[in-house]
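What follows is a short report on a single structure.
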Amino acid sequence: MTISTTMLLIIIGCCLVTLIPRIAPFILLKKVSLPKWMTDWLSYIPICILTALIVQGMWTAEQGKLIISWHYMLALIPTVIAALWTRSLAVTVIVGVVAMALVRMFS
Amino acid sequence: MHEDRQQFIQGVRDCLPTLLGYIGIGAAFGIVGASSNVSLLEIALLSLLVYAGSAQFIICALFVVHTPIPVIVATTFIVNLRHFLMGLAIAPAFSQYSMKQNVLLGTLLTDETFGVAASKLTKQTKLNASWMHGLNITAYLCWLLSSLAGAMLGQWIEEPTVFGLDFALPAMFVALLIIQLQQQAAGKLMHLLAVVGYTIIFMVVFSFVVPSHLAVLLSTMSAATIGVLTKR
Numbered sequence: 000m001t002i003s004t005t006m007l008l009i010i011i012g013c014c015l016v017t018l019i020p021r022i023a024p025f026i027l028l029k030k031v032s033l034p035k036w037m038t039d040w041l042s043y044i045p046i047c048i049l050t051a052l053i054v055q056g057m058w059t060a061e062q063g064k065l066i067i068s069w070h071y072m073l074a075l076i077p078t079v080i081a082a083l084w085t086r087s088l089a090v091t092v093i094v095g096v097v098a099m100a101l102v103r104m105f106s
Numbered sequence: 000m001h002e003d004r005q006q007f008i009q010g011v012r013d014c015l016p017t018l019l020g021y022i023g024i025g026a027a028f029g030i031v032g033a034s035s036n037v038s039l040l041e042i043a044l045l046s047l048l049v050y051a052g053s054a055q056f057i058i059c060a061l062f063v064v065h066t067p068i069p070v071i072v073a074t075t076f077i078v079n080l081r082h083f084l085m086g087l088a089i090a091p092a093f094s095q096y097s098m099k100q101n102v103l104l105g106t107l108l109t110d111e112t113f114g115v116a117a118s119k120l121t122k123q124t125k126l127n128a129s130w131m132h133g134l135n136i137t138a139y140l141c142w143l144l145s146s147l148a149g150a151m152l153g154q155w156i157e158e159p160t161v162f163g164l165d166f167a168l169p170a171m172f173v174a175l176l177i178i179q180l181q182q183q184a185a186g187k188l189m190h191l192l193a194v195v196g197y198t199i200i201f202m203v204v205f206s207f208v209v210p211s212h213l214a215v216l217l218s219t220m221s222a223a224t225i226g227v228l229t230k231r
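First to last, the protein sequences are chains E and A. Counting from 0, one number per residue, gives the positions in the first sequence under numbering that gives the first Met the number 0. Counting from 0, one number per residue, gives the positions in the second sequence under numbering that gives the first Met the number 0.
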């Protein structure tokens with residue numbers, strides 16, 4: 000059980016920069032209420048951010064070129080089907096993990 | 000009081016389907032941490048104090064190649080800035096609660112608990128704080144325990160990717176997105192699918208010019224703007 004000074008500083012720094020954007024909206028919106036156009040805009044955030052987070056894994060950018068991750072793309076197909084079919088978080092996650100393991104095993 | 004307890008338990012229950020994702024990614028993180036020469040105590044503190052899945056992987060990856068501390072902290076800031084947008088989107092649902100409660104809700108907000116809360120918000124405008132605490136605290140404990148278990152397993156396993164555990168997170172995002180889309184009325188669905196399409200296009204474009212975590216933020220904000228402008 001050891002901790003290096005470097006890692007300690009990293010943990011403290013990262014804790015602060017993660018915590019502040021997490022709690023700021025809750026403090027801010029407790030005091031002020033947002034105008035209609037802003038709440039309209041925010042209503043799109045869940046769908047956009049989830050899409051962006053999924054798409055993020057589809058490729059890596061290297062020197063101005065996008066390298067497509069075919070493993071990721073292939074594993075996505077059964078995952079999407081499982082989600083559409085079962086509407087279950089747990090089943091989708093299991094199907095996804097198994098699909099990814101199989102894709103890697105056979106490639 | 001009794002009502003609060005019931006809501007808390009319901010929150011714990013609503014968290015259960017997501018736990019598999021936390022266990023998969025938490026274990027993968029512990030394994031990666033252990034193989035990056037991060038000690039068990041350091042892994043525990045990262046999960047306890049930073050508590051942010053993808054950022055923790057990036058911290059380990061940068062740490063192992065001796066990246067300067069300010070660079071690691073700045074990268075973590077950008078990677079986790081999305082929580083600010085998520086917070087803005089769901090905080091109004093809790094404005095009736097005390098400041099203390101709100102700070103606690105923000106502290107433990109993650110992609111997944113946000114996803115679960117946001118899918119509830121398609122049907123209602125207010126959420127129960129005790130319910131959200133139940134959701135958040137269950138996720139937090141599960142993350143901590145599975146990353147510790149992973150760190151111990153890491154002595155035997157070197158590459159967590161072979162098991163596909165790293166795909167638990169995107170799989171969960173897929174489920175959360177699709178469940179939210181399925182809850183929409185038919186008329187609104189086409190509009191939202193178009194917004195999904197814009198997000199993908201923006202991701203392609205931004206990926207050429209900025210790091211992927213920044214691309215996530217910029218694409219989300221751009222596509223949401225187009226969503227508002229093209230709404231009928």
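Just so you know, even glycine gets a beta-carbon here, dropped at the ideal spot from N, CA and C.
Contact with chain E by residue i, beta-carbon distance below 7 Å
i	result
Pro67(A)	no
Asn101(A)	yes
Asn79(A)	yes
Val90(A)	Note that residue 90(A) is Ala in the sequence shown, not Val. Ala90(A) counts as touching chain E.
Ile200(A)	no
His82(A)	yes
Met189(A)	no
Ala167(A)	yes
Met171(A)	yes
Phe7(A)	no
Ala222(A)	yes
Thr112(A)	no
Gly105(A)	yes
Thr74(A)	no
Gly23(A)	yes
Test: residue i CB closer than 7 Å to a CB of chain A
i	result
Gln55(E)	yes
Trp40(E)	yes
Leu73(E)	no
Ile80(E)	no
Pro24(E)	yes
Pro34(E)	no
Ser31(E)	In the sequence under discussion, the amino acid at residue 31(E) is Val, which differs from the Ser named in the question. Taking Cβ atoms only, chain A never reaches closer than 7 Å to Val31(E), which makes this a no.
Thr4(E)	no
Ile46(E)	yes
Pro20(E)	yes
C-beta contact flag for residue i and residue j at 7 Å
i	j	result
Thr232(A)	Ala51(E)	No answer is possible for residue 232(A): the residues shown for chain A start at 0 and end at 231.
Phe205(A)	Leu217(A)	yes
Val96(E)	Gly163(A)	yes
Met85(A)	Phe113(A)	yes
Ala98(E)	Ala74(E)	yes
Ser34(A)	Leu143(A)	no
Gly25(A)	Ser145(A)	yes
Ile57(A)	Leu213(A)	no
Pro45(E)	Ala90(A)	no
Thr137(A)	Cys14(A)	yes
Asn79(A)	Thr85(E)	no
Ser118(A)	Ile177(A)	no
Gly105(A)	Ile22(E)	yes
Met171(A)	Val94(E)	no
Tyr43(E)	Val194(A)	yes
Residue i: contacting residues in chain A (beta-carbon distance under 8 Å)
i	result
Ser87(E)	Pro16 and Ala174
Phe105(E)	Residues of chain A passing the Cβ test: none, with the nearest at roughly 12 Å.
Trp58(E)	Ser206
Residue-chain proximity (residue i, chain B), Cβ-Cβ < 7 Å
i	result
Phe28(A)	No chain B appears in this structure, whose protein chains are E and A.
Contacts of residue i in chain E (Cβ-Cβ under 7 Å)
i	result
Ile58(A)	Ile9 and Cys13
Val195(A)	Ile46 and Thr50
Partner residues on chain A for residue i, Cβ-Cβ distance less than 7 Å
i	result
Ile93(E)	Leu19
Chain-ordered chain E contacts of residue i [CB-CB under 8 Å]
i	result
Val227(A)	Trp36, Asp39, Trp40 and Tyr43
Leu147(A)	Chain E residues near Leu147(A): none, gap ~12 Å exceeds 8 Å.
Ile178(A)	Ala82, Arg86 and Leu88
Ile71(A)	Ile9, Gly12 and Cys13
Ala54(A)	Cys13 and Thr17
Contacts that residue i makes with chain E (C-beta to C-beta distance below 9 Å)
i	result
Met85(A)	Arg21, Pro24, Ile44, Pro45 and Ile48
Leu152(A)	Per Cβ cutoff of 9 Å: no residues; Leu152(A) is ~16 Å from chain E at best.
Leu308(A)	Nothing about residue 308(A) can be read from this structure; chain A reaches only from 0 to 231.
Val232(A)	Only positions 0 to 231 of chain A appear in this structure, which leaves residue 232(A) out of reach.
Item to complete: At 4 residues or longer, and completely inside the stretch 105-137 of chain A: list those alpha helix (DSSP H) runs for me, N to C.
Response: 110-120
Item to complete: For the stretch 19-56 of chain E, list the alpha helix (DSSP H) runs that are entirely contained and at least 4 residues long, ordered along the chain.
Response: Qualifying alpha helix (DSSP H) stretches, in chain order: 35-41 and 44-55.
Practice prompt. List in chain order: all unbroken alpha helix (DSSP H) runs of 4+ residues lying wholly within the stretch 179-222 of chain A.
Written response: 185-208
Worksheet item: For the stretch 120-142 of chain A, which residues have a CB atom closer than 7 Å to at least one CB atom of chain E, in sequence order?
Response: Hits within the stretch: zero.
Discussion item. Along the stretch 33-51 of chain A, where does the CB come closer than 8 Å to a CB of chain E? Name the residues.
Written reply: Val37, Ser38, Leu39, Leu40, Glu41, Leu44, Leu45, Leu48, Val49, Tyr50 and Ala51
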